[in-house]
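Student: One structure is given below, represented as C-alpha cells, and several questions about it will come after.
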Amino acid sequence: MRSDTTHFLCAISDGIATVSLNRPDRKNPLTFDSYAELRDWFRDLAYSDDIKAVVFASNGGNFSSGGDVHDIIGPLTRMNMKELLAFTRMTGDLVKAMVNCGKPVIAAIDGICVGAGAIIAMASDLRLATPEAKTAFLFTRVGLAGCDMGACAILPRIIGQGRAAELLYSGRSMSAEEGERWGFFNRLVPAAELDAAARELAARLVEGPNFGHMMTKTMLVQEWSMSIEQAIEAEAQAQAICMQTGDFERAYRAFVAREKPVFEGD
1 MRSDTTHFLC
11 AISDGIATVS
21 LNRPDRKNPL
31 TFDSYAELRD
41 WFRDLAYSDD
51 IKAVVFASNG
61 GNFSSGGDVH
71 DIIGPLTRMN
81 MKELLAFTRM
91 TGDLVKAMVN
101 CGKPVIAAID
111 GICVGAGAII
121 AMASDLRLAT
131 PEAKTAFLFT
141 RVGLAGCDMG
151 ACAILPRIIG
161 QGRAAELLYS
171 GRSMSAEEGE
181 RWGFFNRLVP
191 AAELDAAARE
201 LAARLVEGPN
211 FGHMMTKTML
221 VQEWSMSIEQ
231 AIEAEAQAQA
241 ICMQTGDFER
251 AYRAFVAREK
261 PVFEGD
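Below, the structure written as C-alpha cells:
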C-alpha cells in the first residue's frame, strides 16, 4: 500500500496508516485532487494486507474546513449539469470507499470539522475529538441541500433522526460536548493527547482478529438495507465463515491455556 501520496499526508507503521489533509494554514480544505486521491487510496486499501487500521488525523489544530472556496466552490458555479454530477458522484465515491475498505477507520478531530470534513468524520467507524472540536454539516449555509455524500442516510443512524435533521437543516456547529452526548464522538480527549489516544485505539484494533474486524465492518454496512430476518441469517453465515479462521482456533487454545490470544488475521 503506497504512502507516497501527493495531495494528503500518509504514514504507515505497525499496521496503522495515519492520513491527514495538508493545508493547515487554511484549516485543511479539500480540493478536487485530494478528493480523488483519497477516494483511490481507500479503494486500494480494501486489497491491502499491510494496513489493519486507519487514523484520519487532524493537522495544525484542525481536521478540515471542507471544500476549498477558491479551488472547488468557485469552479462549481461555472460547471454545467453533467460536470456537477460527475463531481458530486466523485465525492460520494470517497464515502463509499471508506465504508467498503474493510479496515476500521478512526477519525481524530480537533478544531474545525465542517462540510466535507464533517462527512469524512461521519464516514469513519470511530471518532475521537478534543473539547475544542466544532463540527458542522453546513451545506444549507451555502445554498445547498443537507443531503450531501450520504449525510441523510448515515448521520441519523449515528445520532438519531431529529438531531440529524436539526444539524442538516440549520448548518449550525455541533459542540464537542453535544457530539459526545449524542453519540457522534466516542470519546473526548485533550488536544495534547488526541494523536496518542487515536493511535492507541488503532493499535488495540490491529492486535485483534483483523479478518473478524473486516466482517464486522462489512455487516455493519450491509445490514442497513436488510430486514431483521435477513440480518440474522447474514450474521449466521458471516460467523460460520469466521469460525473457520485460524484466529478462532488460536483464541480457543489461548483460553484453554489461560493465555492472551495472539491473532494473525487469518
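Position 19, counted from 1, in the sequence shown is what full-length UniProt numbering calls 19; the numbers after and before it change by one each time, with no gaps.
Where is the CB? At the ideal position from N, CA and C, for every residue including glycine.
Fair warning: this is a prediction, and the values are worked out from it, not measured in the lab.
#1: So, for MET1: in the same chain, excluding its five sequence neighbours on each side, which residues have a beta-carbon less than 6 Å away from its beta-carbon?
#2: Looking at the secondary structure, which residues open and close the beta strand (DSSP E) in which CYS10 lies?
#3: Count the CB pairs spanning the segment 179-189 and the segment 123-140 that are closer than 8 Å, and state whether there are at least three.
#4: Whose C-alpha, out of ARG199, PRO131 and SER225, is nearest the C-alpha of ARG157?
#5: Taking the alpha-carbon of LYS96 as reference, which of SER173, VAL221, ASP71 and MET243 has the nearest alpha-carbon?
#6: Hey, out of TRP41, ASN59 and GLY212, whose CA is closest to ARG26's CA?
#7: Could you tell me the distance, in whole angstroms, from the CA atom of ALA176 to the CA atom of ILE232?
#8: For LYS134, report the span of its beta strand (DSSP E) as first-last.
#9: In the DSSP output, which residue or residues are listed as bridge partners for ARG187?
#10: From the DSSP output, in three-state form, read off ALA36 for me.
#11: Report the three-state DSSP secondary structure of LEU21 (helix, strand or coil).
#12: Report the three-state DSSP secondary structure of MET174 (helix, strand or coil).
#13: For the beta strand (DSSP E) that PHE56 lies in, which residues bound it at each end?
#14: If you draw a straight line from the C-alpha of MET149 to the C-alpha of THR88, how long is it?
#15: Does DSSP put ALA107 in a helix, in a strand, or in coil?
#16: Residues in its own chain within less than 8 Å of THR216 by CB, not counting five upstream and five downstream?
#17: To which residues does DSSP link ILE16 through a beta bridge?
#18: For ARG199, which residues of its own chain have a beta-carbon under 7 Å away from its beta-carbon, when the five flanking residues on both sides are left out?
#19: Assuming ILE154 is part of the alpha helix (DSSP H), what are its boundary residues?
Tutor: Looking at the coordinates:
#1: SER48, ASP50 and ILE51
#2: 9-13
#3: yes
#4: SER225
#5: VAL221
#6: ASN59
#7: 35 Å
#8: 134-136
#9: LEU128
#10: helix
#11: coil
#12: strand
#13: 53-56
#14: 8 Å
#15: strand
#16: none
#17: SER13 and ALA53
#18: ILE16 and VAL55
#19: 151-159
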